Amino acid sequence: FILFQIAYVFLFLIYIMPQQKKTWIELSGGACGGVAMVLTTHPLDLAKTQMQANPSAYRGVMDCLKQNMAVEGPRGLYRGVLPPTLVAAPYQASAFAGYGIGQQLVSSATGLDSTKGFGQMLAGGISGFFTTTVICPGERIKVVIQTSKEPLGLGGAMSRIFAEGGISSLFRGWEATLGREVPGGMVYWACYNTSRQAIEPVQSVPSSMKELFGGGMAGVGYWVFSLPADTIKSMQQASTTNLSMAGAAKQVMSESGPLGFWRGFTPAVLRAFPANGSTFLVATAVRNFLNDRFNKDD
């Protein structure tokens, strides 16, 4: 994990600093889009995580949400919302900027067209290395809060995590997170670009709705493909022991068979389209605003 952090800083210095204006616009757009994603669809993320970590406790999405409402009222639907809100901005910012860096690396190192085909998938995979370094600690805290049997705040979750294994416990499940983010990033950006290009010729559809559609399809593709790795990650991060990826996979197989790797599929896919559609919608609006502002200043 430390090696990934060093590589992250190295790539930042080499590829981002020479193009500060363009990259900071990408970072700002991605950050705003990330916050919009969390605030619009957190209840479904809560249901996904709880159904992954404790499938026998819930009969479905609505039953899961009702149980949370019964314990904590409406605010129970936003249980654990603070960690992903704090992480959402840097996560989406690193996703957008990481994809841009990935495109530069792919073009310069391989000569492939990084805007289509395998080239864009490689660029998307590179973005996954960036997002993994950012999101893993936040998701660990979020999962502990969401799967706790009693209401738990940010401070309580941090105390529990450090008591279990010190600071290294904060990064539990990072291998599974990497296994989700890298291939997921390949699918995510390929779906976005393909969907966006398919709808681009339709003149009657506003540009903002095209972004919404492209982002929504990217999210659906990401979760359909990445849910097994996410299930393993949630199992690891919810465990009070240092559960390995192999141990989590064996537990899923013994409890539910192969279909168990798609626990939480319904809330994940229901959340995917509006969450990621709003991400691209807001990110694009912010980027356009900042580009116009900078161009006027120039």
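Using mature numbering (1 follows the signal peptide of the UniProt record, and there is no 0), the letters of the sequence shown map in sequence onto residues -18 to -1, 1 to 280.
Idealized CB from N, CA, C, for every residue including glycine.
Note that the structure is a prediction, hence the values are computed from the model and not measured.
{"Query": "Is it a yes or a no for the segment 149 to 163 touching the segment 209 to 219, going by three-plus beta-carbon pairs under 8 angstroms?", "Result": "yes"}
{"Query": "Measuring CA to CA, which of A39, M168, L134, M199 is closest to G99?", "Result": "M168"}
{"Query": "Near I(-13), what residues of its chain come up, given a Cβ to Cβ distance below 8 angstroms and the 5 sequence neighbours on each side ignored?", "Result": "Model confidence at I(-13) stands at a pLDDT of 44, short of 50, so the residue's coordinates are unreliable; what they give is reported in the following sentence. Here the set comprises nothing."}
{"Query": "Using DSSP with H/G/I as helix, E/B as strand and the rest coil, what is E163?", "Result": "helix"}
{"Query": "Can you tell me whether K192 is buried or exposed, with buried defined as 16 or more other CB within 10 angstroms of its CB?", "Result": "buried"}
{"Query": "Given this structure, state the Cα-to-Cα distance separating V268 from V63, to the nearest angstrom.", "Result": "23 angstroms"}
{"Query": "Just to confirm, is the Cβ distance from R70 to V17 under 9 angstroms?", "Result": "For clarity, residue 70 is Ala in the given sequence; the question names Arg instead. In this structure, V17 lies closer than 9 angstroms to A70 by Cβ."}
{"Query": "Chain C beta carbons: is any one of them nearer than 9 angstroms to that of E163?", "Result": "Annotation note: the requested chain C is absent from the structure, which comprises a single protein chain."}
{"Query": "Taking Q74 as part of the alpha helix (DSSP H), name the residues at either end of that continuous run.", "Result": "64 to 92"}
{"Query": "So what does DSSP say about G55, is it helix, strand or coil?", "Result": "helix"}
{"Query": "Here's a check: name, in chain order, each residue in its chain whose Cβ is nearer than 8 angstroms to the Cβ of L272, leaving out the five neighbours to either side.", "Result": "I7, S10, G11"}
{"Query": "Residues in its own chain within less than 6 angstroms of S109 by CB, not counting five upstream and five downstream?", "Result": "A77, G80, Y81, G84, G167"}
{"Query": "Note the first and the last residue of the continuous alpha helix (DSSP H) segment covering K232.", "Result": "227 to 238"}
{"Query": "Roughly how many angstroms lie between the CA atoms of A200 and P66, to the nearest whole one?", "Result": "20 angstroms"}
{"Query": "Confirm, please, whether the CB-CB distance from A220 to A35 is below 9 angstroms.", "Result": "yes"}
{"Query": "Any idea what DSSP makes of Q49, helix, strand or coil?", "Result": "helix"}
{"Query": "Quick check on the burial criterion: 16 or more other C-beta atoms within 10 angstroms. Buried or exposed for S96?", "Result": "buried"}
{"Query": "Using the Cβ count rule (16 or more neighbours within 10 Å means buried), how would you classify E237?", "Result": "exposed"}
{"Query": "Ignore the nearest five residues each way along the sequence and tell me which others in M51's own chain have a CB closer than 7 angstroms to its CB.", "Result": "G58, L59"}
{"Query": "What's the gap between the Cα of A145 and the Cα of S186?", "Result": "57 angstroms"}
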